[in-house]
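Okay, so here's the structure we're looking at.
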Amino acid sequence: MSNTIYFPDRFKGQVAIITGGADGLGKSIAGRLGAEGASLALFDRNASLLEQTQQELTALNIPVRTYTVDISEEEAVKTAVAQTVADFGKIDVLVHSAGIVGPTSTNITAYETADFAKVLAINLFGSFLMTKYTVSHMAERGYGRILLIASIAGKEGNPGMVGYSTSKAGVIGLVKAIAKEYATAGITVNGLAPAVIKTAMNADTAPEQLAYMTAKIPMGRLGEPDEVAAMSTFIVSPENSFSTGFIYDISGGRATY
Numbered sequence: 003m004s005n006t007i008y009f010p011d012r013f014k015g016q017v018a019i020i021t022g023g024a025d026g027l028g029k030s031i032a033g034r035l036g037a038e039g040a041s042l043a044l045f046d047r048n049a050s051l052l053e054q055t056q057q058e059l060t061a062l063n064i065p066v067r068t069y070t071v072d073i074s075e076e077e078a079v080k081t082a083v084a085q086t087v088a089d090f091g092k093i094d095v096l097v098h099s100a101g102i103v104g105p106t107s108t109n110i111t112a113y114e115t116a117d118f119a120k121v122l123a124i125n126l127f128g129s130f131l132m133t134k135y136t137v138s139h140m141a142e143r144g145y146g147r148i149l150l151i152a153s154i155a156g157k158e159g160n161p162g163m164v165g166y167s168t169s170k171a172g173v174i175g176l177v178k179a180i181a182k183e184y185a186t187a188g189i190t191v192n193g194l195a196p197a198v199i200k201t202a203m204n205a206d207t208a209p210e211q212l213a214y215m216t217a218k219i220p221m222g223r224l225g226e227p228d229e230v231a232a233m234s235t236f237i238v239s240p241e242n243s244f245s246t247g248f249i250y251d252i253s254g255g256r257a258t259y
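Whatever position you read off the sequence shown (first residue = 1), add 2 for this note's numbering.
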């Protein structure tokens with residue numbers, strides 16, 4: 003975005019894990035955090051894209067390491083988080099952006115049970131695992147910022163997307179529960195509920211589904227990854243210290259609560 007304003011030292015000395023960091027929202031958020039001083043640990047299951055993103059960020063003099071991780075696998079998450087601590091010495095920030103859409107324009111009666119399980123495994127169980135293994139480390143140090151990317155679909159429900167809507171509603175519940183568990187520990191846990199954003203994740207969304215979701219946005223357009231990155235970096239910044247358990251809106255006016 004042409005009106006982007008960076009704060010170069012906002013995350014100086016901090017270490018941030020970004021899941022789904024190879025592409026899409028995760029990559030945009032990673033770039034913004036890195037530009038504002040953070041050292042980055044990028045988690046993704048796409049090793050080749052991770053390498054490409056690492057090269058791009060390293061060229062900008064941003065310290066970055068990559069970890070090929072399936073966030074739905076507990077041992078993989080546990081190992082990658084422990085390796086991040088070993089490599090960087092600490093974790094200050096988690097932005098959990100990894101997720102999948104799953105089937106769209108599909109009535110529940112035609113929605114395969116295996117597809118439902120897969121969407122929940124990645125979107126919801128993955129959120130649980132990433133939070134579980136990072137928050138324990140943050141609690142030892144008495145500081146942390148956790149942001150889980152939810153969706154407006156988790157608030158309102160999108161017809162034809164029962165797996166995605168259900169998983170993101172679960173993420174919202176997770177945010178609210180864990181935030182209260184750590185409210186006095188120096189750790190904030192918040193969520194972000196975007197409407198449709200221009201990312202590769204939506205490339206396979208059926209045109210009629212995409213049109214339905216876009217039509218519900220009062221601004222009449224899709225969101226931009228840079229807009230999500232700008233809000234995300236504020237949410238996980240040190241100055242955002244009295245907000246936890248909240249689901250922030252970035253929906254072009256679609257969200258009404």
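Here a beta-carbon is modelled for each residue, glycine too, at the ideal position from N, C-alpha and C.
Within the same chain, and ignoring the five residues on either side of residue 56 in sequence, the residues whose Cβ sits closer than 6 angstroms to its Cβ are 66 and 68.
In the DSSP assignment, residue 34 falls within the unbroken alpha helix (DSSP H) covering 26 to 37.
Judged by DSSP in its simplified three-state form, residue 7 adopts coil rather than helix or strand. Residue nearest to residue 220 within the set 231, 191 and 255 is 255 (criterion: CA-CA distance). Setting aside the 5 residues that flank it on each side, residue 59 is surrounded in the same chain by 36 and 66, each with a C-beta closer than 6 angstroms to its C-beta; the list follows chain order. One alpha carbon belongs to residue 182, the other to residue 201, and they sit about 32 angstroms apart. Taking C-alpha positions only, residue 187 is separated from residue 148 by approximately 13 angstroms. Take residue 92, set aside five residues on each side of it, and the residues of its chain with a beta-carbon closer than 7 angstroms to its own are 17 and 143, in chain order. Taking a contact as a CB-CB distance under 8 angstroms, the pair residue 117 and residue 165 counts as one, their CB atoms being some 6 angstroms apart. By the neighbour-count criterion, in which 16 or more other beta carbons inside 10 Å mark a residue as buried, residue 10 falls on the exposed side. Within the same chain, 188 come within 6 angstroms of residue 145 by CB-CB distance, once the 5 residues on both sides are set aside.
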